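Written below as structure tokens is the structure these notes are about.
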Amino acid sequence: MNSNLVKFNIIALLSLTIASCANSGTSESNNGNPAVANAQEPATLNLVANGEDFVRQGFVTKDGWTMSFNRLDVNLAEVTAYQIDGAFEPTETDTLDGLEYQERVSLVDTPQVIDLAEGEADATPILVTDAEVTPGFYNAMAWQVDTAGADSPLAGKTIVMQGTATKDDRVINFDISLDRPIQYLCGEYVGDERKGMVEADSPGEIETTFHFDHVFGDAETSADEAINVDALGFEPLAQLASNDSLTIDDATLTQQLSAEDQEKLTKAVIGLGHVGEGHCAVIE
């Protein structure tokens, strides 16, 4: 056989293999017109994760502690984007099986540990993955913060926060781990720009946003605002520190926090997940 022909066939096979692996997501269409669905050229949808300036730049809590994060790891899992007709407002009674969608694309099947504190203070949100999708408006998204498996650096945890908290002349090094799995269902991204629009010649983007000011509050916001009234703050955690060091897991937090503070922490962690400023529903 001609050696050049053999080389050509091998190169062609390798190209097909690489192309088949490039798409990190899987998509499904419920479009009632297969001819129209098949005629659309695939486009790219990017998934990013964002801890906002609170995580990248640090901030002052409602009770006066200056927070600086070295790492803030979350175990992100089961991220799925949807095209749904009309405005979609999720509720706690919704189920994933009950969603009526035109397009569905799975973006994260295997859980990924994302460090929300990664990058410089002005860094853009972290690119988690991208996928080839059918063009259109992806105005709904489901995602989980899940307990990491035994082979993960976050084994047995959903979130780990590491850094320093400073107030007056006291500096506390903290390592706080949580194990609180949450399933979110979200509607359209709310922010300065619209996200989720995908065209054949213009990639789109959707975002999982984490609002850690819900946990600690924000000194730049009025004390009587809900974000501060409902937040735990850092002072209850500072009281658990020993020799200006706090290494604590979820089980110990449950034992040592007061019932009121435990309730605040629980509600705050549930409220972490957003799409920009858009709220998400927590579903079963």
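Under mature numbering (1 follows the signal peptide of the UniProt record, and there is no 0), read the sequence shown as residues -24 to -1, 1 to 260, first letter to last. Ideal Cβ placement from N, Cα and C applies to all residues, glycine included. As the structure is a computational prediction, the values presented were derived from the model and not from experiment.
Next on the checklist: Between the alpha carbons of Ala25 and Asp145, how many angstroms are there, rounded?
Outcome noted: The residue given as residue 25 occupies position 49 in the sequence shown. The residue given as residue 145 occupies position 169 in the sequence shown. Going from the Cα of Ala25 to the Cα of Asp145 covers about 34 Å.
Item to check | Supposed close pair Ser153, Val136 - CB separation, criterion 8 Å | outcome: Start at 1 with the first residue of the sequence shown, and residue 153 comes out as number 177. Start at 1 with the first residue of the sequence shown, and residue 136 comes out as number 160. 5 Å between Cβ atoms; contact.
Checklist entry - Where do the ends of the beta strand (DSSP E) carrying Asp49 lie? => result Along the sequence shown, read from residue 1 onward, the residue named residue 49 stands at position 73. Run containing Asp49: Thr42 to Gln59, per the beta strand (DSSP E) assignment.
Checklist entry - Buried or exposed: Pro87, going by 16 or more other Cβ atoms within 10 Å of its Cβ? => result Within the sequence shown, the letter at position 111 stands for residue 87. Pro87 should be labelled buried.
Checklist entry - Can at least three beta-carbon pairs, one atom from the stretch 208 to 224 and one from the stretch 54 to 61, be found at a separation below 8 Å? => result no
Checklist entry - Roughly how far, in whole angstroms, is the beta-carbon of Leu52 from the beta-carbon of Asp106, given that I think they are within contact range, below 8 Å? => result Start at 1 with the first residue of the sequence shown, and residue 52 comes out as number 76. Start at 1 with the first residue of the sequence shown, and residue 106 comes out as number 130. That belief does not hold up - the Cβ atoms of Leu52 and Asp106 are roughly 15 Å apart, past 8 Å.
Next on the checklist: Please return the same chain residues whose Cβ sits closer than 7 Å to the Cβ of Tyr165, not counting the five positions on each side in sequence.
Outcome noted: Translated into the one-based positions of the sequence shown, residue 165 becomes position 189. Hits under 7 Å: Lys171, Gly172, Ile182, Glu183, Val251, Gly252 and Gly254.
Checklist entry - Which residues does DSSP pair with Val89 in a beta bridge? => result Mapped onto the sequence shown, residue 89 falls at position 113. Asn51.
Checklist entry - Would Leu103 be called buried (16 or more neighbouring beta carbons within 10 Å of its own) or exposed? => result Counted from its first residue, the sequence shown places residue 103 at position 127. Burial call: exposed.
Next on the checklist: Using a Cβ-Cβ cutoff of less than 7 Å, which residues in the same chain neighbour Leu48 once the five nearest sequence positions on both sides are dropped?
Outcome noted: Your numbering for residue 48 matches position 72 in the sequence shown. If we look at Leu48 and ignore the five residues flanking it on each side, its Cβ neighbours are Gly27, Val31, Asp91, Leu92, Ala93 and Met137.
Checklist entry - Going along the chain, which residues of its own chain have a beta-carbon closer than 8 Å to the beta-carbon of Leu241, five neighbours each way excluded? => result Taking the first residue of the sequence shown as 1, we reach residue 241 at position 265. Excluding sequence neighbours, Leu241 sits near Val191, Leu208, Leu229 and Leu233.
Checklist entry - What residue range is occupied by the uninterrupted alpha helix (DSSP H) comprising Gln231? => result Translated into the one-based positions of the sequence shown, residue 231 becomes position 255. Taken as a continuous stretch (DSSP letters only), the alpha helix (DSSP H) holding Gln231 covers Asp226 to Gln232.
Item to check | Same chain, Cβ closer than 8 Å to Ala202, five either side skipped, listed in chain order | outcome: Reading the sequence shown from its first residue, position 226 is the one you call residue 202. Nothing listed; no residue qualifies.
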